[in-house]
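There are 2 protein chains.
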Amino acid sequence: MGSLATMKKKAKSGKQSKKQKFVYFFGKGHAEGNAGMKDLLGGKGANLAEMTRIGIPVPPGFTISTQACALFYENGEKWPSGLEEEIKTHLAKLEDAMGYRFGDRNNPLLVSVRSGAAVSMPGMMDTVLNLGLTAEVVQGLIVKTENERFAWDAYRRFIQMFGNVVMGVKHETFEHIIEKKKKQVHAAQDTDLQANDIKDIVRQFKVAYQEETGEEFPQDPHLQLNKAINAVFKSWNNPRAIKYRDLNEIRGLLGTAVNVQAMVFGNMGETSGTGVCFTRNPSTGENKFYGEYLVNAQGEDVVAGIRTPEPLDKLKIQMPEIYKQLCKIREKLERHYRDMQDIEFTVQEGKLFLLQTRNGKRTAQAAVRIAVDLVKEKLLNQEEAILRVEAKQLDQLLHPTFDPKEKKEEIAKGLPASPGAATGCVVFNADDAEAQAKKGEPVILVRIETSPEDIGGMFAAQGILTARGGMTSHAAVVARGMGKCCVAGCGDLRIDYEAKEFRVGNNTIKEGDFISLDGSLGKVYKGKLKTIEPELSGDFARLMSWADKMRRLQVRANADTPNDATVARKFGAQGIGLCRTEHMFFEGDRIIAVREMILAQDVEGRAKALEKLLPMQRGDFEGIFEAMDGLPVTIRLLDPPLHEFLPHDEPSQKEMAEVMKVSLEEIKHKVEELHEFNPMLGHRGCRLGITFPEIYDMQVRAILEAACRIKKHGARVLPEIMIPLIGAYKEFTILKDRMEKIAEKVFEEQGSRVDYLIGTMMEIPRAILVADRIAEVAQFFSFGTNDLTQMTFGFSRDDAGKFLGDYLQQGIFEKDPFQSLDEEGVGQFIRWGTEKGRSVRRDLKIGICGEHGGDPSSVKFCHRVGMNYVSCSPYRVPIARLAAAQAAALEKRKKFDRKGET
Amino acid sequence: MGSLATMKKKAKSGKQSKKQKFVYFFGKGHAEGNAGMKDLLGGKGANLAEMTRIGIPVPPGFTISTQACALFYENGEKWPSGLEEEIKTHLAKLEDAMGYRFGDRNNPLLVSVRSGAAVSMPGMMDTVLNLGLTAEVVQGLIVKTENERFAWDAYRRFIQMFGNVVMGVKHETFEHIIEKKKKQVHAAQDTDLQANDIKDIVRQFKVAYQEETGEEFPQDPHLQLNKAINAVFKSWNNPRAIKYRDLNEIRGLLGTAVNVQAMVFGNMGETSGTGVCFTRNPSTGENKFYGEYLVNAQGEDVVAGIRTPEPLDKLKIQMPEIYKQLCKIREKLERHYRDMQDIEFTVQEGKLFLLQTRNGKRTAQAAVRIAVDLVKEKLLNQEEAILRVEAKQLDQLLHPTFDPKEKKEEIAKGLPASPGAATGCVVFNADDAEAQAKKGEPVILVRIETSPEDIGGMFAAQGILTARGGMTSHAAVVARGMGKCCVAGCGDLRIDYEAKEFRVGNNTIKEGDFISLDGSLGKVYKGKLKTIEPELSGDFARLMSWADKMRRLQVRANADTPNDATVARKFGAQGIGLCRTEHMFFEGDRIIAVREMILAQDVEGRAKALEKLLPMQRGDFEGIFEAMDGLPVTIRLLDPPLHEFLPHDEPSQKEMAEVMKVSLEEIKHKVEELHEFNPMLGHRGCRLGITFPEIYDMQVRAILEAACRIKKHGARVLPEIMIPLIGAYKEFTILKDRMEKIAEKVFEEQGSRVDYLIGTMMEIPRAILVADRIAEVAQFFSFGTNDLTQMTFGFSRDDAGKFLGDYLQQGIFEKDPFQSLDEEGVGQFIRWGTEKGRSVRRDLKIGICGEHGGDPSSVKFCHRVGMNYVSCSPYRVPIARLAAAQAAALEKRKKFDRKGET
């Protein structure tokens, strides 16, 4: 649209041009608005106008624009000048259209007043129905409808809603009166109350209203209307609406529109009714009309759940004509909106009215099926279908879930740290997890928190449960990387490592007991639960094939093991964008050799220990190269500081001393020597390569020896050696020169050569600043946006938890920058790095390998910047593939739009 | 010049144009070179040419260019084509000039072959004298000089030098032969040896030479010359020369030039001699001819220290004519070079020759005096004088020093962490330091290492001595900030806190014993030593007044107390650029209130504790505002993470629990809760302001209340409130809005207003990226280059020690980026931040307040970027003032040069 900004500016400026229009009429087949005007008329208002335009029966009415709402706030909660006049004019128009008059005791017009913002916020804002009723008008209504009970009940409902919504009278005040009356007359249900009972309730309501508000219930319908409009304006900023927008990241809207519409009544007897339906099944996506309705009821009754609604099939029998009409409307709306619709209707004395239509919310499964079906039905082309499915939602389809038929006993709730479902018996440390898993026993690893030493156990487990740590804790990050289900920060758990049990509520779970985790919901259940594996074929596969055709950005995976690599390939990864070698250092006996290397006093000692590691590392790479035959594999050389490989508690240090036959003091001394104040900013990454070059020497040798061997087996091997934490040109050249010498030696020894690249992580701000120089020598860049985000913001992911919540709440950041790339800041770095790099090396291969590589909006950014690929955890590969396709589709559309303009 | 780069490129390209000239002649009043050609001819060669041109008697010769040296390396240690030819031609020219012939047995030409790079590297490279002597030629020399002993001794020296320098024969080999001979003939000194003795020594030398080199001593003078030239070329890259360049940060040179010059002999009897002198006193700068000489000696004898040289006064008596000539030359050289010269001369049989002139090295005191005197003498203008004094050197003049007459007993050596001299009795903790100091006792605080809790004690002490930590350890940084003498990382100290003593070597120093520290040398002495206070008047004051007139950049000081502020003003600070408020939190009882605030469970509890702090903080600010009457004071709000204010060892925690009447567990729990993985990247700076707004509220109130009160006393108060660690626009606006509200409240309460600014530290990379947005609301920027450097490089100052040494040694960084601003990286940020900020707010006040503000080259960068001010520790203010003036002078000069070009 682009007009939102202008509108906002106009609204903010406080200056109104004389011709400013605030109110838009719809009715009798004509409307001033249309579906494209959501920003101004809200979703509801725009669609009411649109439906009117295309000849769908909609009760006439008018919409007061979101801009009026913005000016209302701008003016200190007063209407902008001109609004009152406009409302009056349009009310008269509405009276004409209906042939009724507002406040007329013979032929009264009643209206509904509903909120409706550009983005749907169901239930968050206010609605008043039956507005226009007074003591006098209700008499007219009785005469006109010949239904005394209906009229009094309408009045009762109006006082209740108006009192509560507009004037803040407590719900209980009204409910209490009704309950008392029901007891008094021995009525079991509301419907058992007679006209006179309700009349008495109305009397009591008015008394209560006056007591609580200090004023009489207004008997002027125009005053009622004005107050109701104000209430809707104000409901835009009620706490729950603010909270809802916060939670759903809805920002940048002007306010809510107000829809004033002639009332129709579904509670006028057996030929009336009201219903809600979806044009297709919102759970499965099946192309079947789906909904419920209630005879002789108003909309609120369906929601309130007092009576159980009937399925639509019943309507077909009860009101076949209405059902036929509704089916026609269903088809018309789907053809018109080219999407599954969520509609509300009311039947008043055998006449059908549509009160709302909007694109229906749906599950991921339904989204995929509907998109694919709409292409089959030629309502959409493939490109449009791809844009219809929210990439993030795919996550639901990519992990195991619990069989919905299983009965679940929830015992605790934590953070949904890594999606999926897992069942296993409880173990309390990594060694036990590995031992049990080797026996073929599924296990859940339960820890207060995890550390890098637990990697082996995490890998062996079906799922991970921690008592401490947030969405970006070690457990959460590693689990997501592994595509492993994880519930983190489950604060109620009291874990006793010694007793090997944990308590939560009244439950004591011992080692060996079965529990189940739902990582998508953050829930912990007692006992075994059956899981269902994700289905990646059918409609999903079709949609993904369209996406793959369309996208320009390649999608790789972060994978550290042959197994990860295999999963990644299954999910459609086109290579490995980040293979972390440090995880390999923890496995089995390797850690002993690693520790020997760390304790060594000199180069020789280090070299000796590294020699032991060489064949193991080589084996790892062979497995990965084999799994990725024909696809590139980016291997990052050792990154974490060395102290991460030493134990930090005394028992483990003692154990290590025994195993390694050195004194405890020596180990303690080394731990102290390696201590860092800020490990994130310490002796790690390529700094290790500069000070202890033997380590990288060994790794490069292992990579290239593995590559040569696997090539001999006939596979195509494309290793890309990645140096982490580069910040200066010469850091890179020193390391690269050394690597190239080793490569030549290896090729000579092996009697064969492989093509390989040497590139760098871009994760240090300084590297961006000198990206042009680095690109002279580096053959690829991979933006490590985890670290880059940390350095750019100057806070670490591990520590930011203490204030990030406040920052999001106060709107300092719109999104958690570790979840979704900060385009304003980090994004500038990425643009500069890319431009500077390509200014020197035109075909520089550029990718991203932070967790952002699996976040749809970040993926779209990567596309726009012109990267070659994104890399993400294997389970996010399909999400990235879809997001990449959407980015390409949006770009194409934009180009087309631009062409259209000129 | 600019031509160096071109020259290097040409040299590197390996392509030589046909006309490339490698050899430059000088002699008989004409020279092909001049003083401006140092890059090509080296300092020595250029000055020999220059002296020749201006008519000073110089033995003729020729210079082989540094470019030839570069090509020598480029060609795998072979001469570039054409060089041999050129040398031959110039040798012939030299023979003509002298009337002697190379290798001629009747009239032999002897030459010296000396190195000489563009930058003086005394003693680092090689020299060969008396070249051209052979068994045959020596006979001719005997005939010609009628001095057999002289001739044999010349030959003996030549073989010795050539053998050692060119062929690598060990010194001892030759020395051993001489010693044997001396014993044999009972000669006490070399001069007691007779011609025949020396003749025998020559014979033995030749045998030894052949034994060690496997070849005969060359009897072809041309071969001798070629080998000597190669030796000089090669000496450019001998380990000690490389090390010297490293240490002195000499980079970017092509190589060494080679000077081949006709020999003159100072050892031809009583009418001969050799000497070295300075045209003014290099220690004091006094305008008095200053030097020493030896009769009947060669240059090496003066250096070798075998005989004690005579002062110049003696020359005046012994050779009055020569002395008169020398005085004339002194004057001529000073007038010509317009600087104090360091010259070498030789008298051969009553004839004076100059062998070298160069600008003399001098102490800071001398540099200032000479510069001022040269202006008085109208040899320099003020601008030139300012450029003559190295800003860094001023440091020597700004701190107390030990009386040179005192006898010192050194007991340990550590790092020269903060300059100055201090004497006091030893204390081992901060509390004792404060207690003793209160009694008027000067103390030296001795700690294994210091932490923020020791601030009070550090401040109370005369000097600080630590056993651990480097140049950027807490002790070092804080001490430099305070201008307090500090010796850090004195690893030999064994400190026993319990026994209150430390041992080092055989000394045991107990609490109360006196020691003295030299923070400029890193030395620890036993006992009391008298110190001399720096003298800031006289020439120093004059030079500084010229500097102040010239500079555009203002100089402020980092000062946290009224006392610091007073010192800063004395040193010429034009305001305070950084007043850190956290140090105030440690003093006396305040820490209790601070800890109460930290332990508080809610806003009310915090507010209560902060109320106690308010009057104390206000008092601090009052003192500072008073001291800085009329000058701006930038106050940074609380920056460090809160856990820095809690004790981390159990005894202190227990103590705190008792004082505060809470349980030890509560304190431990809070410490654990506040623990951070990377405190540098944690919950600090304005993040505290966002999450605990009460803290900044209190501080802002304290600042503005103090300002109003002091204003009432008639002082001019200019507070500038600085928010640390800003990374996002909204962070700033939220805090600023809050502050402005408090300001209005305070002004109302006080019944008066003061002007104040609210600005931000620029220390987070993201802040630079959004500097334009921040400048919409921030009234000043102050680049916090300590943190900015850490974030840009991605390493912390505390942890970088583990690899920074390797990085400097391997040339990855030219300088320690924490000492001298990294212009390539961090400098880009500063440029962008400045440009972006001023693009929005044209008059945005911009400064720097990292430690770089006191580093001359960084100050010059700040000038070029267009900052308004730099801020540094009080003791560095004069350095910054001078550096700022130099920057302005250089800029003016550049502009003038550019004008000249057009």
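Heads up: the protein sequence lines correspond to chains A and B, in order. First residue of the first sequence: 1, per our numbering; consecutive thereafter. First residue of the second sequence: 1, per our numbering; consecutive thereafter. In this text, a Cβ means the ideal position worked out from N, Cα and C, and glycines have one as well. All values reported here derive from a predicted model rather than from experimental measurement.
At least one beta carbon of chain B lies nearer than 8 Å to the beta carbon of residue 806 of chain A. Look at residue 27 of chain B here: in three-state DSSP terms it is strand.
Shortest Cα-Cα distance from residue 545 of chain B to any of B:843, B:505, B:882, B:774 involves B:882. Note on geometry: alpha-carbon atoms of residue 426 of chain B and residue 466 of chain B lie some 12 Å from one another. A distance of 8 Å or more separates the beta carbons of residue 254 of chain A and residue 408 of chain A.
A:210 is the residue among A:155, A:210, A:30, A:805 whose C-alpha sits nearest the C-alpha of residue 168 of chain A. The beta carbon of residue 342 of chain B lies closer than 6 Å to those of 278, 358, 360 in the same chain, with the five residues before and after it left out. Excluding sequence positions up to five before and after residue 311 of chain A, its CB lies within less than 7 Å of the CB of 292, all in the same chain and listed in chain order.
Residue environment analysis places residue 58 of chain B among the buried positions, since at least 16 neighbouring C-beta atoms fall within 10 angstroms of its C-beta.
When Cβ pairs closer than 8 Å are counted between the two stretches, the stretch 886 to 899 of chain A is seen not to touch the stretch 819 to 830 of chain A, the count staying below three. Membership of residue 348 of chain B in the beta strand (DSSP E) is indicated by the continuous run 341 to 348. Between residue 53 of chain B and residue 124 of chain B, the CB-CB gap reaches or exceeds 8 Å. Taking CB atoms only, residue 728 of chain B has a neighbour in chain A less than 8 Å away. Annotation note: the stretch 389 to 419 of chain A contains the following uninterrupted alpha helix (DSSP H) runs of length 4 or greater, listed N- to C-terminal: 395 to 398. Interface with chain B (8 Å Cβ-Cβ cutoff): residue 824 of chain A is included.
DSSP, reduced to helix, strand and coil, places residue 112 of chain B within a strand of the structure shown. Assignment of residue 490 of chain A by DSSP, reduced to helix, strand and coil, places it in the coil class.
Scanning chain A for C-beta atoms nearer than 9 Å to the C-beta of residue 66 of chain B yields nothing, as the closest lies near 24 Å away.
Against residue 803 of chain B, the close residues of chain A are 683, 687, 690, 691, in the order they occur along the chain (beta-carbon pairs closer than 7 Å). Closer than 8 Å to the CB of residue 812 of chain B there is at least one CB belonging to chain A.
Taking 8 Å as the threshold, the shortest C-beta distance from residue 597 of chain A to chain B does not fall below it.
With contacts defined by Cβ atoms closer than 8 Å, residue 849 of chain B and residue 578 of chain B form a contacting pair.
Between the stretch 650 to 666 of chain A and the stretch 739 to 751 of chain A there are fewer than three inter-stretch CB-CB distances shorter than 8 Å, so the stretches are not counted as touching. Straight across, the Cα-Cα distance linking residue 619 of chain A with residue 436 of chain A is about 24 Å. When C-beta atoms of the stretch 252 to 271 of chain A are compared with those of the stretch 103 to 118 of chain A, three or more pairs fall below 8 Å, so the two segments count as touching. Boundaries of the alpha helix (DSSP H) harbouring residue 592 of chain B: 590 to 599, taken from the DSSP string. Not a single C-beta of chain A is nearer than 8 Å to the C-beta of residue 470 of chain B. The shortest C-alpha to C-alpha distance from residue 122 of chain A to any of A:135, A:182, A:256 is the one to A:256. Inter-segment contact for the stretch 720 to 730 of chain A and the stretch 755 to 767 of chain A is present: three or more beta-carbon pairs are separated by less than 8 Å. Only residues of its own chain outside the window of five on either side were considered, and among them 110, 112, 154, 155, 157, 158, 161, 263 have a CB closer than 8 Å to the CB of residue 130 of chain A, listed in chain order. Under the Cβ criterion of 8 Å, residue 734 of chain B is counted among the residues facing chain A. Put simply, the CB of residue 400 of chain A is far from chain B, with every gap to its CB atoms at 8 Å or more. For residue 387 of chain B, the closest alpha carbon among the candidates B:374, B:206, B:396, B:235 is that of B:374. Sorting B:246, B:62, B:786 by C-alpha distance to the C-alpha of residue 481 of chain B places B:786 at the top. For a Cβ distance threshold of 8 Å, residue set 794 of chain B lies close to residue 725 of chain A, ordered along the chain. Under the DSSP assignment, residue 556 of chain A falls in the beta strand (DSSP E) whose first and last residues are 554 to 558.
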